[in-house]
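Contents: one structure, followed by commentary.
In my numbering, the protein residues as written are 53 to 132.
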């Protein structure tokens with residue numbers, strides 16, 4: 053994967069990419085709910101609605117499980 057797959061600007065900054073950039077490859081939120089339907093709980097079917105991708109998925113870093121900010125110890129997530 054090349055930097056320009058996510059970053060549109062010629063000299064990217066450290067700011068997060070727009071969720072629309074993620075959706076070019078991964079699809080929209082309804083598509084992600086279907087893709088991760090076997091995850092229990094499904095992180096893309098949140099009771100909070102559509103959460104920005106970058107709240108959990110970080111550039112060049114492992115993802116953060118934001119659900120655990122409020123639901124500490126209640127869920128175990130596995131990589132799909």
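Backbone N, C-alpha and C define an ideal beta-carbon position, used for all residues, glycine too.
Rounded C-alpha distance that separates residue i from residue j
i	j	result
residue 91	residue 85	10 Å
residue 56	residue 117	26 Å
residue 123	residue 81	22 Å
residue 74	residue 105	7 Å
residue 125	residue 100	19 Å
residue 102	residue 89	15 Å
residue 94	residue 112	23 Å
First and last residue of the uninterrupted alpha helix (DSSP H) at residue i
i	result
residue 83	81-87
residue 72	71-78
CA nearest to the CA of residue i, picked from the options
i	options	result
residue 107	79, 70, 58, 77	70
residue 77	62, 58, 93, 95	58
residue 98	83, 54, 62, 119	119
8 Å Cβ cutoff, residue i in contact with chain D
i	result
residue 122	Chain labels in this structure do not include chain D; a single protein chain is all it has.
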